[in-house]
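K.L.:
Have a look at the structure that comes next, please.
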Ligand code: SF4
Ligand code: SF4
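Take a look at the structure:
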C-alpha cells in the first residue's frame, strides 16, 4: 500500500468527519443543560446490559429480527480493531497491532475476527432479505436502509478478499492457523487458478485492502447524515440514559430564575433529548406497539423522533453560531442568534398538537426501544409548554383543570363529599386512629366514581376483615396530582403534591396503600422528587401478603362469569413491574379460569385512559378502549378483570358500546377477591 495515498485518505476522511460531527454535536451545546453522568457504576452496568449485551434484542417477541442486529453489532465491535491494523499496514507492510503478532491472543483474535466477519456478512444478508422480501410493517422501507446494509456487506467482502489473497501472496502467516475464513477464501481462489506469481492476485489484494479502507472511511463520513448515525450515538446515549424510575416524569424546576415551562423551541429540550433524536435508528419498534398509532391517531413515537431531528437539522446553522457565541462567553449573543429563526415552529409545526395530545403515556414505546429513548419525556415537555406558556390545550381540559383547582378532583364534585363513600363502614381518620400503620389513599376515582367506589368498599372490607391497621383522610384527602402532571400542568401538579406531603407529615404517614396504579406510581416514584419517600403498596401486593400470613382464608368458589381475562394496567405492569402479583390474587379465587390475551404482561396494550386521555375526547381513528376490548374478548372471556380505575372505566365503556353489557362483566380484582371472601359483596 502506498503511504502517501494512505495519508491523503486519512487526512481527507478525518477532516471531513470532524467537520460533520462538529455540525451534528455543536448544537447540543446550546440545548438545555442536564447532568447525565452521575452514578457511574449504575451507568456502566446498564451500558453492559443494554449496549454491549444487546438485551432488548433477545426478547421473546423479537424473534429473528433482533438476532440479525446482534450478529452485526457484535461483529462490528470485533472487526473494528482489524480496521486500525489495516490503516497501519498502509505504512508498514505486514504490520500488527501490539500483542497480535504470533501470540496466543493474536491467534484467538484472528479466529474471532473471521467469525465476526462471517457473522456480519450473514447478518446483513438476512436483514436485507427480511427488509426486501418480508417487509415487516414496523419498518420504514426506504432505499437508504438497503444501501447501508450493502455497504457494510461490501466492506466485509473486501476484507475477506484482502485476507484470502494475502495468504496466497505471503504463505506461512501465523494467523493462517486460525483465520479460517481467509483460508477458505484462499483455497477457493487457488481452486480458480490464482497463484502468488499471478499479477491478478496482487491486483485483487490491492482492491481488497483499498476497497475495505475506502468503504470504511466513506461509511464513517456518511454516518452523520443518515439514520445509521446511531452507530456512533447509541453507545453514549445508552450510557447516559435516565436512571430515575421509569414511571417518574422529570421534575420541572419552578423556583429557578432560568426555569423553562416546557419546551417550545428545539434548543429548550435538554441536550440528551437532542442525542435521542440522533440516536433513533428508525427501527419502528416503538410505533409498532403504540396504541395511538395503531388506532389511527396522528402520533407515532418514531415520527416524533425523526421530525424533531429534521427540525434540529434545519436549525443547525443558527445553533452552531449560537454555540460559538456561548463558547466565547457571550450567552446573550447566542440567544440573539437563536431568535433569528424564521422557520416552522416546533410545537404545532414540526410536531402537531394532535400528536402531542394523543399520547396515553402508556410507556410501551420506551419499553420497546432497544436504544432506551425516552419518548414520553419529549411529549410531556411539549405538553408543559402548551399548557403553561401558550395556555393551549383541548377544549374539554379547561373545565377539568378548573375542577382540580377548585375541588381537587377532575369531576368537580364537592370536595367535602370526598369521604362519603365510607359512610357506615367504620373507617377511621388519622385523628380517630393516630397509631395507624397504613394510610389508605383512596384517590379521586375511588372516592367519586360510582363504579370504582364499589372497589374502594370491597377493599376496605377486606382490610378490616384481615385486621389491617389503616386510616383514611376522608374529606381532607386531595388529588395526588398524577393526571394533571401528565397533562402538562406541572404547576398544578406540584401544588397538589406539596400540599399532600405537608398534610401527610402532620398526621405521620409512613406507609401508603393505594388501589389506583396511577396514584401508586406517582406517590412511589415521583413524590421522592419533592423530598418525601413513602413505602407504597398496591392492594394486590397487600392481599397477596395477607393471604400468605393467613389473615385472609376460606375462599368461596368463583361465582362470576367465566373465563376471566386479566388486563394489565400500564402503570402497574409496565412502569412498576407488577405482572405476576395481580394474577396470583386472581388465582386465589377457587375455580377461576384465567386466560391471557394476545398482548398481555410485558406486551400489554393500553386501555386508552392514561396520560389524561380519560378526560379528552377521542375523535380520530378507532377508539383505543374498543381495540383493547376486542382483543380481550377474543380470548372467549366473559369477565374482564383489571386493577385500575381508568382501565375499568375505559373497558366498561367499551363493553357497553359493543352492546355486551350483561353478557360480559368488567370487574376489579379486589371485587372478584372480595366475592370469594364474603361470598359476594
Ligand atoms: S407512551 Fe404509549 S401512546 Fe404515548 S407515544 Fe409511547 S406508545 Fe404511544
Ligand atoms: S425510537 Fe427507538 S424503537 Fe422507535 S424507531 Fe427509534 S430506535 Fe426504534
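In the working numbering, the protein residues as written are 926 to 1606. Yeah, the Cβ is synthetic: ideal placement off N, Cα and C, and Gly gets one too. Values in this document were obtained by computation on a predicted structure and should not be read as measured data.
1. Give a yes or no on contact between the segment 1036-1044 and the segment 1095-1113, applying the rule of three or more CB pairs nearer than 8 Å.
2. Residue range of the alpha helix (DSSP H) that residue 1378 falls in?
3. Can you give the Cα-Cα distance for residue 1055 and residue 1328, rounded to whole angstroms?
4. Do residue 1305 and ligand 4 come close, with the Cβ less than 8 Å from some heavy atom?
5. Could you tell me whether the Cβ atoms of residue 1284 and residue 1536 are closer together than 9 Å?
6. Kindly list the residues whose CB is nearer than 7 Å to the CB of residue 1175, restricted to its own chain and excluding five residues on each side of it in sequence; keep chain order.
7. Excluding the 5 residues flanking residue 1306 on each side, which residues of the same chain have their C-beta closer than 7 Å to its C-beta?
8. Mind listing, in chain order, the residues whose beta carbon lies closer than 6 Å to a non-hydrogen atom of ligand 2?
9. From the DSSP secondary-structure annotation, give me the bridge partner or partners of residue 1566.
10. Considering residue 1437, what are the terminal residues of the beta strand (DSSP E) in which it resides?
11. Using the C-alpha atoms, what's the distance from residue 1031 back to residue 1102?
12. Following the continuous alpha helix (DSSP H) through residue 1365, name the residue where it begins and the one where it ends.
13. For ligand 1, is there a heavy atom less than 8 Å away from the beta-carbon of residue 1291?
14. Take residue 1606 and list the residues in its own chain whose beta-carbon comes closer than 8 Å to its own, dropping the five residues that flank it on each side.
15. Please report the straight-line C-alpha distance between residue 1520 and residue 1569, rounded to a whole angstrom.
16. Along the chain, where does the beta strand (DSSP E) containing residue 1463 start, and where does it finish?
17. Rank 1427, 1476 and 1582 by C-alpha distance to the C-alpha of residue 1452 and give the top, closest one.
18. Which word fits residue 1478, buried or exposed, when buried means at least 16 other C-beta atoms lie within 10 angstroms of its C-beta?
19. For a test of the three-state rule: what should DSSP assign to residue 983, helix, strand or coil?
20. Express the C-alpha separation of residue 1563 and residue 1608 in angstroms, rounding to a whole number.
21. Measuring straight from C-alpha to C-alpha, what distance separates residue 1528 and residue 1148?
22. Contact between the segment 1437-1447 and the segment 1458-1474 is defined here as three or more beta-carbon pairs at a separation below 8 Å; is this criterion met?
23. For residue 1119, which residues from the same chain have a beta carbon less than 8 Å from its beta carbon, with the 5 sequence-adjacent residues on both sides left out?
24. Taking the alpha helix (DSSP H) that residue 1148 falls in, what are its first and last residues?
25. If we count the other Cβ atoms within 10 Å of its Cβ and call it buried at 16 or more, is residue 1482 buried or exposed?
26. Since residue 1228 and residue 1155 should fall inside the 8 Å C-beta cutoff, what is the C-beta to C-beta distance between them, to a whole number of angstroms?
27. Excluding the 5 residues flanking residue 1082 on each side, which residues of the same chain have their C-beta closer than 6 Å to its C-beta?
28. If you follow the alpha helix (DSSP H) that residue 1216 is in, where does it begin and where does it stop?
29. What's the C-alpha gap between residue 880 and residue 1429?
30. Using three-state DSSP, classify residue 940 as helix, strand or coil.
P.N.:
Answer, in terms of the structure:
1. yes
2. Numbered from its first residue, the chain shown carries residue 1378 at position 453. That run of the alpha helix (DSSP H) goes 1375-1390.
3. Within the chain shown, numbered from 1, the residue matching residue 1055 stands at position 130. Within the chain shown, numbered from 1, the residue matching residue 1328 stands at position 403. So the two alpha carbons sit approximately 52 Å from each other.
4. Here the bound small molecules are ligand 1 and ligand 2; ligand 4 is not part of this structure.
5. For the purposes of this step, residue 1284 is identified with residue 359 of the chain shown, where counting begins at 1. For the purposes of this step, residue 1536 is identified with residue 611 of the chain shown, where counting begins at 1. In this structure, residue 1536 lies closer than 9 Å to residue 1284 by Cβ.
6. Stepping through the chain shown from its first residue, residue 1175 is reached at position 250. Excluding residues within five positions, the ones whose Cβ falls inside 7 Å are 1302.
7. Numbered from its first residue, the chain shown carries residue 1306 at position 381. Correct list, in chain order: 1187, 1188 and 1194.
8. 1205, 1206, 1207, 1208, 1209, 1210, 1211, 1226, 1227, 1230, 1293, 1294, 1296 and 1298
9. Your numbering for residue 1566 matches position 641 in the chain shown. In the DSSP output, where bridge partners are listed per residue, residue 1566 has 1491 and 1592.
10. Indexing the chain shown from 1 puts residue 1437 at position 512. From DSSP, the beta strand (DSSP E) with residue 1437 extends over 1436-1439.
11. Within the chain shown, residue 1102 is the residue found at index 177, counting from 1. Within the chain shown, residue 1031 is the residue found at index 106, counting from 1. Rounded to the nearest angstrom, the two C-alpha atoms are 11 Å apart.
12. As a first step, residue 1365 must be located in the chain shown, where it is residue number 440. Premise fails: residue 1365 lies in the beta strand (DSSP E), 1363-1366, not in any alpha helix (DSSP H).
13. On the chain shown, residue 1291 is found 366 positions in, with the first residue counted as 1. Yes, ligand 1 has a heavy atom inside 8 Å of this Cβ.
14. Sequence index remark: in the chain shown, residue 1606 carries index 681 (1-based). For residue 1606, the pLDDT reaches just 44, beneath the cut-off of 50, and the residue's location in the model is therefore unreliable, although a value from the coordinates is still provided. Excluding sequence neighbours, residue 1606 sits near 1379, 1382, 1383, 1386, 1596, 1599 and 1600.
15. Taking the chain shown and counting its residues from 1, the one referred to as residue 1520 is at position 595. Taking the chain shown and counting its residues from 1, the one referred to as residue 1569 is at position 644. Near 19 Å, if we compare the C-alpha coordinates of residue 1569 and residue 1520.
16. Numbered from its first residue, the chain shown carries residue 1463 at position 538. Note, residue 1463: beta strand (DSSP E), 1460-1463.
17. Residue mapping note: residue 1452 aligns to position 527 of the chain shown, counting from 1. Selected option, being the one with the closest Cα: 1427.
18. Position 553 of the chain shown, counted from the first residue, corresponds to residue 1478. By the 10 Å Cβ count, residue 1478 comes out exposed.
19. The residue labelled residue 983 in the question sits at position 58 within the chain shown. Reduced to three states, the DSSP call for residue 983 is helix.
20. Outside the displayed range of the chain (926 to 1606) lies residue 1608, so it cannot be described from this structure.
21. As a working note, residue 1528 is residue 603 in the chain shown. As a working note, residue 1148 is residue 223 in the chain shown. Each residue's alpha carbon lies about 32 Å from the other.
22. yes
23. As a first step, residue 1119 is located in the chain shown; it is residue number 194 there, counting from the start. Contacts found: 1090, 1093, 1125, 1126 and 1129.
24. For the purposes of this step, residue 1148 is taken as residue 223 along the chain shown, with counting starting at 1. Careful: residue 1148 lies outside any alpha helix (DSSP H) and carries neither H nor E.
25. Your numbering for residue 1482 matches position 557 in the chain shown. Answer is exposed; the Cβ neighbour count stays below 16.
26. Working through the chain shown from its first residue, we reach residue 1228 at position 303. Working through the chain shown from its first residue, we reach residue 1155 at position 230. Not a contact, Cβ separation roughly 16 Å.
27. Residue 1082 sits at position 157 when you count from the first residue of the chain shown. Nothing listed; no residue qualifies.
28. For this step, residue 1216 is matched to residue 291 along the chain shown. Where residue 1216 is concerned, the enclosing alpha helix (DSSP H) stretches over 1216-1219.
29. Beyond the ends of the chain as shown, which are 926 and 1606, falls residue 880; an answer cannot be given.
30. By 1-based counting over the chain shown, the position of residue 940 is 15. In the structure shown, residue 940 sits in a helix (DSSP, three-state: H, G or I).
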